[in-house]
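In what follows, a single structure is set out as structure tokens and then discussed.
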Amino acid sequence: MRRQITSNSSLLQPTSVYEPEYLRQQAHWLRNELDPRIAQAGPDALHSDEVLRVDEFLRRLLKANISIDDLRSSRMHLAVSEIAGRSTRWPKRLIERCEALKETWESSHGALKSIGILLYEPGGRLNGICEPEDISRDVLFVKWLKSPSAAFSPLKAKRFGDLGFTAGEEGDEVKGSSPDKFVYRARADDTGRYRLTAGTPESRQPVRILRSHSLRSFYAPKAGLRYDGLHKVSGWTVRTDPQSKQVVYDISFTRLASEPSMSQVQRRPFAEEVEDYKEYKRLRDLHRKRQSSENKPKIAISGDAIYEDATAEIH
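Heads up: the sequence shown at position 68 corresponds to 67 in numbering that gives the first Met the number 0, and the numbers run straight through without jumps.
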């Protein structure tokens, strides 16, 4: 499911705008490379050559007749809508280009927001992985295991043991002095805390850190679950909570130097990954409601005023 995307501004070189993959790369570059920079530092964050390249690309789009299928698969319509809708963020000239593009495309294809994205369809992130009706966690896991890209080996999984923690629960991450260091507060029923604090630093194995969007942390992802790399236990404090009178374990973690920088990790999820996650949840909830409605017995009143299940078979 993971896609490799080049994030270099050299992508904006003369290439046919009718190539879907080229359009997808440009949309990714605009939304995940340039827009975050502009959000932090304003329009001046773009170099003059980048402004010229984007302007040239948008002018080529205006002259082209892009199909609705290519817009949907590349999500270029979303990139253009975002630039046009953020009038105080992007350079004025680029905003005007995007407003003109938006008007042109909407005259041909209708409202851009109604074009949607691909998810379960061919070209979508979940195509061949699962279906909207696969709402059971077990069904999803089994289907994923059967997929060719499943990176799971029973021989390697849990080699050093499952510590029993659930990723991203409530306020377990209590503080952190930097993106590479944080403190985890183990709960009273977390038996894994003994393994984290056992033995010597040399005998303890690295720990994989997963952060969920539900985690109350400055470093939590915008959506879904993100793997944040290998960390080591660098220390811990055992104390008694003055209110609950329970023994509290505050365990300090430090990111291994061999791991990619957190600034790189925190770029994920990309804009399209957040969209896919939201669309997945929307369709899943929609299917659950439909399934619940179909399974709900219909009540009817018989001639003798007795309530009956109208869906039951009559013998």
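Note that beta-carbon positions come from the ideal geometry of N, C-alpha and C, so glycine has one too.
Residue i versus residue j - alpha carbon distance
i, j, result
"R186", "L51", "55 Å"
"Y226", "L77", "27 Å"
"S15", "R36", "27 Å"
"P147", "G127", "10 Å"
"G340", "R207", "Within the shown structure, residues of the chain are numbered from 0 to 314, placing residue 340 beyond reach of any answer."
"T5", "F181", "Residue confidence for T5 is low, a pLDDT of 44 falling below 50, so the modelled location carries little weight; the figure read from the coordinates is stated next. For T5 and F181, the distance between alpha carbons rounds to 31 Å."
"S233", "L117", "44 Å"
"L209", "K288", "30 Å"
"L57", "A270", "20 Å"
"I67", "S107", "9 Å"
"E32", "S251", "33 Å"
"T253", "D189", "20 Å"
"E55", "R266", "27 Å"
"V247", "S176", "20 Å"
"V45", "Y218", "Reading off the sequence, residue 45 comes out as Leu, not Val. Approximately 26 Å, taken between the alpha carbons."
Sequence-distant residues of its chain with Cβ nearer than 6 Å to residue i (five each side left out)
i, result
"E168", "Because E168 carries a pLDDT of 45, less than 50, the predicted location of this residue cannot be relied on, and the following value inherits that uncertainty. Within the same chain, E168 has no close Cβ partners at all."
"C129", "L139, K142"
"A26", "S73, R74, M75, A78"
"P133", "Per the sequence presented here, residue 133 reads as Asp, with Pro not at that position. Taken in chain order, the residues that qualify are L139."
Beta-carbon separation (whole angstroms), residue i vs residue j, contact threshold 8 Å
i, j, result
"H230", "L214", "The pair is not a contact, with the Cβ atoms about 15 Å apart (cut-off 8 Å)."
"P178", "M261", "4 Å"
Collapsed DSSP secondary structure at residue i in the structure displayed
i, result
"W89", "coil"
"G127", "coil"
"L255", "coil"
"R267", "coil"
"T239", "strand"
"G115", "coil"
"V206", "strand"
"E172", "strand"
Contact check, residue i vs residue j, beta carbons under 9 Å
i, j, result
"L93", "V53", "yes"
"L22", "S80", "no"
"L61", "T87", "no"
"Q245", "T239", "yes"
"G228", "E272", "no"
"S211", "L195", "no"
"Y279", "L125", "yes"
"K145", "A222", "no"
Sequence-distant residues of its chain with Cβ nearer than 7 Å to residue i (five each side left out)
i, result
"E105", "L111"
"R71", "I114, G115, I116, L117"
"H286", "P131, E132, I134"
Same chain only: Cβ atoms within 8 Å of residue i, ignoring 5 sequence neighbours per side
i, result
"E18", "none"
Residue i CB to nearest heavy atom of the ligand GTP below 8 Å
i, result
"E49", "This structure lacks the ligand GTP, and indeed carries no ligand of any kind."
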